[in-house]
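K.L.:
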Amino acid sequence: GSVSLQCSFSTSSSGYGLYWYRQYPHTPLQFILFKEGGTWSGEHTEDFAKDRFSSAVDGSSTTLTITKLSLNDSAVYFCALRAAQCRKMENTLNVYLKNDSCQGGCGNVPARGCPSLIRQTEVFSEEGESVTLSCGYSTDKSAAILYWFRQKPHSGLEYIQYIGARGNRGANHAAYFARVRFGSSADTDSTTLRISDLSLDDTAVYYCA
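Using UniProt numbering, the first residue of the sequence shown is number 1, and each one after it goes up by one.
1. Quick check: the Cα distance between cysteine 208 and threonine 27, rounded to an integer number of angstroms?
2. Are the CB atoms of tyrosine 19 and leucine 81 nearer to each other than 9 Å?
3. From alanine 75 to glutamine 23, what distance separates their C-alpha atoms?
4. Going by DSSP, what residues sit across from serine 61 in a beta bridge?
5. For the beta strand (DSSP E) that contains valine 131, what are its first and last residues?
6. Smallest Cα separation from aspartate 47: which of Ile32, Glu122, Gly164, Tyr162?
7. Please list, in chain order, all residues of the same chain as glycine 167 whose beta carbon is under 7 Å from its beta carbon, the five residues on each side excluded.
8. Confirm, please, whether the CB-CB distance from alanine 171 to isoleucine 163 is below 9 Å.
9. Hey, how far is the Cα of aspartate 51 from the Cα of glycine 17?
10. Which residues bound the beta strand (DSSP E) around tyrosine 21?
11. I believe leucine 64 touches phenylalanine 78 by the beta-carbon criterion, under 8 Å. Please report the beta-carbon distance rounded to the nearest angstrom.
12. Take phenylalanine 9 and list the residues in its own chain whose beta-carbon comes closer than 6 Å to its own, dropping the five residues that flank it on each side.
13. Give me, in chain order, the residues of the same chain whose beta-carbon lies closer than 6 Å to that of leucine 193; leave out the 5 immediate sequence neighbours on both sides.
14. Of the choices Gly38, Asp58, Asp197, Glu158, whose alpha-carbon is the least far from that of leucine 176?
15. Could you work out which residue in His154, Phe182, Cys7 is closest to serine 60 when comparing CA atoms only?
16. Considering only residues of the same chain and omitting the five flanking positions on each side of threonine 45, which have a CB-CB separation below 6 Å?
17. State the Cα-Cα distance for the pair threonine 125 and glycine 42, rounded to the nearest angstrom.
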C-alpha cells in the first residue's frame, strides 16, 4: 500500500525549502528528502528513499508520499520549513551529565543543499557547571540565522533559540525556558550555545541548523 503525510506551513519568504525526516525509537532523526518551493527550485532525496518516497510542495503545505509500505516504515515523521540557508552543519552534540542514575537521551534542520551531518560529539559535565557547545557552518550568503534545538529521550524536537550572523547580526530570540541559562553567539563560520547552572534535565541531544 501507500500513504501520504501532509504538513502545513506559512512563510513570508519568496523562496523556501520543506524537509522531511523520520525517527525510529531510540535513534536520531534520519533525513529523507527536501523539496523547495516559491522562487527556489532545488530538491534532494537520500538514496534509500529514491524509489519509494516523493514530495510535493505548494504555497502552504507539503506532502510526503510513501509507496510499497513495509514494517520498516513505522516511525515518527517530521517536516521542517527552511527559509534562511546555511551550507553545512559541522556538529551534532550529545550532552550527558555525570550521575550514576542519569541516562543520555529533535529540526535538526540540515543546511540547504547539504543535508548530512558531518560528525557527532559527546560532552560530559556535572550539575551546577557550565558547558559550551560549538557548531561550524559555511554559506555563500551575506546573512545567516543559526538555530539551536534539543531532543530529550523519547521526546520531539524542542526549539531553544536562534541568533543572527553576518548581515543579520542583532537578530535573536530565545524560548522562554532558555532566557536565563542559555546564551548563543555567532560569527562568520560558527555558532556556540552556552548552558549555565546545568541540571540533569539538560541531558539531551543538541542540534544546530
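Beta carbons: idealized from backbone N, C-alpha and C, even for Gly.
P.N.:
Reading from the atomic positions:
1. Residue numbering aside, residue 208 sits at position 208 when the sequence shown is read from its first letter. Residue numbering aside, residue 27 sits at position 27 when the sequence shown is read from its first letter. If I take the Cα positions, the gap works out to 18 Å.
2. As a first step, residue 19 must be located in the sequence shown, where it is residue number 19. As a first step, residue 81 must be located in the sequence shown, where it is residue number 81. In this structure, the beta-carbon distance from tyrosine 19 to leucine 81 falls below 9 Å.
3. For the purposes of this step, residue 75 is identified with residue 75 of the sequence shown, where counting begins at 1. For the purposes of this step, residue 23 is identified with residue 23 of the sequence shown, where counting begins at 1. Those two C-alpha atoms are separated by around 6 Å.
4. Locating residue 61 in the sequence shown gives position 61, where the first residue counts as 1. According to DSSP, serine 61 bridges with Ser8.
5. Here residue 131 refers to the residue found at position 131 of the sequence shown. It spans 131–136 - the beta strand (DSSP E) in which valine 131 sits, taken as one unbroken run.
6. Walking along the sequence shown from the start, residue 47 turns up at place 47. Taking only the C-alpha atoms, the option nearest aspartate 47 is Ile32.
7. Within the sequence shown, residue 167 is the residue found at index 167, counting from 1. Ser142, Ala143, listed in sequence order.
8. Mapped onto the sequence shown, residue 163 falls at position 163. Mapped onto the sequence shown, residue 171 falls at position 171. Yes, the pair counts as a contact, with Cβ atoms nearer than the cut-off.
9. Counting from 1 along the sequence shown, the entry for residue 51 is found at position 51. Counting from 1 along the sequence shown, the entry for residue 17 is found at position 17. Taking the straight line from one Cα to the other gives about 21 Å.
10. Sequence index remark: in the sequence shown, residue 21 carries index 21 (1-based). First-last of the beta strand (DSSP E) with tyrosine 21: 15–23.
11. The residue labelled residue 64 in the question sits at position 64 within the sequence shown. The residue labelled residue 78 in the question sits at position 78 within the sequence shown. Not really, about 10 Å apart at Cβ, beyond 8 Å.
12. Indexing the sequence shown from 1 puts residue 9 at position 9. Cβ within range, chain order: Leu81.
13. Within the sequence shown, numbered from 1, the residue matching residue 193 stands at position 193. So the qualifying residues of the chain are Leu133, Trp148, Ser184.
14. Numbered from its first residue, the sequence shown carries residue 176 at position 176. Before going on, a small fix: residue 176 reads as tyrosine here, not leucine. Ranked by how close their Cα comes to the Cα of tyrosine 176, the residues Gly38, Asp58, Asp197, Glu158 have Glu158 in first place.
15. Here residue 60 corresponds to residue number 60 of the sequence shown, with the count starting at 1. Taking only the C-alpha atoms, the option nearest serine 60 is Cys7.
16. For the purposes of this step, residue 45 is taken as the residue at position 45 of the sequence shown. Once the five neighbours on either side are set aside, the close Cβ partners of threonine 45 are Leu33.
17. Here residue 125 is taken as the residue at index 125 of the sequence shown, counted from 1. Here residue 42 is taken as the residue at index 42 of the sequence shown, counted from 1. Before going on, a small fix: residue 125 reads as serine here, not threonine. Computed Cα separation, rounded: 41 Å.
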